[in-house]
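To start, the structure itself, in structure tokens.
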Amino acid sequence: MSQSQQQPALSKCPGCEEPPAAGDLFCGACGYDLSAVPARPGDRPTMAITVPPAAPEAAGAEAVRWPAAAETDSSDVPAPLHRPSDLPGTDSGGRPLAGHEQVQEQEQEQVQEQEQVREPGAPVGSAPGPEPLGGPEPSASAVRHDDRAAPDVAEHSGDFALAAPDPRTAEHAAAAAAPAAGGKVCVACRSGRVDPDGYCENCGHAQPRERDHMEQELDAVAAVSDRGLRHHRNEDSFAVSSTALPDGSPAVVAIVCDGVSSASRPDEASAAAANAANESLLESLARGTHPQQAMHEAIVAASEAVNALAQEPAGAMEHDAHRHQNAPACTLVGAVMAGELLIVGWVGDSRVYWVPQDRTQPTARLTEDDSWAAQMVAAGLMNEAEAYADERAHAITGWLGADAYELEPHTAAFKPDRPGLVVVCTDGLWNYAESAEEMAAAVPADAQEHPLRGAQVLVGHALDGGGHDNVTVALLPFAVRPQGAGSACETV
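Its first residue numbered 1, the sequence shown is counted upward by one per residue in this note's numbering.
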């Protein structure tokens, strides 16, 4: 074709915007070369779509008729979608597309083949089995990537296999919920395993340590220990037990220890002292040793156990690097009920209270603190209110540990003439019920029959008061027949 035949009809000159005359090759006003204007592109996409060459149509063949979409009904339900297999034609590889009926037949054949593979009694040769891994490639028309109805044929459907088990399946959920043998389950997510550092491997939640809250109940004694609300760990410890004297009568033991927070490893010191004192008492009482002498020997054994901690290598103190590397230390208080006697022993500022079952009767504190305030009161330099108001009041003057000045175990023997309750506790409790009357008011009325519940109530009393320290309390119900002979007391 000639240039003039390709020349588009311009309404304005590109140079001066004057309308040119029909058939002009140059603008009559400015002389602009109108033949340099590019021709207008045709109505087609900017990027060509690669279409495989169509098969040559036979003479007289009709053009492809696309099926019309169904109209929506009165409820405005969208018209059904057509799949590529519903339409005749060829795919991107130039192969003819299978019709809808043919695809359904192929799907039914695949399901029948899988059923025959799963049934062990199916006759051999009744239907062709699945192709081996190295067999010929299946036809493109038989490949379906939208079929999710039969999960057993995933490897033949073209889907990718999952690299990990599906977390939605019951087996995976059960496996996640069951930790390894001997492992602990997270208290937060109830499914993850707790690692040796005390954190959940699933949700990362820090687990409460075993000593953060401890409870133990025997027939005649119960004890509860709690970390409190301010300390990062529980440095208290206790031991409760029972045994029989040589004459067959029962003996009940309660030991409560409070670790000295300014010392190294106070939690280990309290645990070592409680265990050593308890074992010593059980052995001595079963052998027939007098309970008061047995208590004295138990305190000495506890002191030796705490002293041994200071002889361990320095590496054992690495987890307490923020503390001064002084010797581990703790206080101790204990009570033994044997026969008609109540024996108490102590070193430090933990206490024993006597609360009679008849609350109209007087209560009493059975121990004296090894503390600065107690010394000031004993020396007559201050009254009790002034001494305990001083900031030095709770500085202890006696403890168990290698750096103790001198071990002075205190023991006392009592013979109660009426039933009551023996309260053995650390200062984490008596700081919120210091006097004997205040302690009696905090003890629930049914603590004689339910000592564990009573101990729980007392720990709750301290936590409600602020919980500034670790709290440990043991309750020993003392049952005797009223004799009206008063009570005997002997203190060493």
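Backbone N, C-alpha and C define an ideal beta-carbon position, used for all residues, glycine too.
Distance between Cys30 and Pro20, taken at the CA atoms: about 10 Å.
DSSP links Trp346 through a beta bridge to Val333, His410. With a cut-off of 8 Å on Cβ pairs, the stretch 451–464 is in contact with the stretch 427–443, counting three or more such pairs.
For a cut-off of 8 Å, the C-beta gap from Ser237 to Ala271 is around 4 Å, short enough to register as a contact. Our two residues, Ala335 and Arg211, have alpha carbons roughly 22 Å apart in a direct line.
Judged by DSSP secondary structure, Arg351 falls within the beta strand (DSSP E) whose first and last residues are 351–356. Gln311 counts as exposed, since fewer than 16 other beta carbons sit within 10 angstroms of its beta carbon. Setting aside the 5 residues that flank it on each side, Glu18 is surrounded in the same chain by Ala29, each with a C-beta closer than 6 Å to its C-beta; the list follows chain order. Residues of the same chain with a CB within less than 6 Å of the CB of Ala222, apart from the 5 flanking positions on each side, are Pro451, Leu452, Ala455, Leu475 in chain order. Rounded to the nearest angstrom, the gap between the Cα atoms of Gly380 and Arg209 is 44 Å. Around the beta carbon of Tyr353, a 10 Å sphere encloses 16 or more other beta carbons of the protein chains shown; the residue is thus reported as buried. The criterion of a C-beta distance shorter than 8 Å is not satisfied by Pro328 and Gly420. The C-beta separation of Val252 from Ser242 comes to about 5 Å, placing the pair in contact by the 8 Å criterion.
Look at Tyr199 here: in three-state DSSP terms it is strand. When only Cα atoms are considered, Ala445 and Val473 end up about 16 Å apart.
Look at Asp370 here: in three-state DSSP terms it is coil, with no helix or strand label.
Nearest C-alpha to Lys415 among Glu109, Ser280, Met337: Met337. Arg265 places its beta carbon 8 Å or farther from that of Asn470. At the C-beta level, Ala413 and Leu366 stay beyond 8 Å of one another. As a beta-bridge residue in DSSP terms, His213 pairs with Asp226. Nearest in C-alpha terms to Ala395, of all of Tyr199, Asp370, Asp219, is Asp370.
Rounded to whole angstroms, the gap between the alpha carbons of Leu229 and Gly467 is 5 Å. By the beta-carbon neighbour count (other beta carbons within 10 angstroms, threshold 16), Arg392 is exposed. When the alpha-carbon of Asp197 is set against those of Ala206, Ala374, Asp247, the nearest one is in Ala206.
Here Trp399 really is in contact with Val260; their C-beta atoms are around 6 Å apart, less than 8 Å.
DSSP lists Ala244 as the beta-bridge partner residues of Pro250.
If you draw a 10 Å sphere on the C-beta of Asn278, you find 16 or more other C-beta atoms in it, and that means buried. The C-beta of Glu268 has 16 or more other C-beta atoms within 10 Å across all chains shown, which makes the residue buried. For Arg287, the secondary structure class from DSSP, reduced to helix, strand or coil, is helix. For Leu463, the enclosing alpha helix (DSSP H) has its first and last residue at 451–464. If you look at Leu34, you'll find it isn't in any beta strand (DSSP E); DSSP assigns it neither H nor E. Inclusion of Ala378 and Ala436 in the CB contact set at 8 Å is not warranted, their separation being larger than that value.
The residues Ala276, in chain order, have a CB closer than 8 Å to that of Glu304 in the same chain once the five nearest residues on each side in sequence are set aside. Residue environment: Asn307 is assigned as buried (16 or more neighbouring CB atoms within 10 Å of its CB, all protein chains considered). With respect to the C-alpha of Ala404, the residue from Cys27, Arg351, Val300, Arg190 having the closest C-alpha is Val300.
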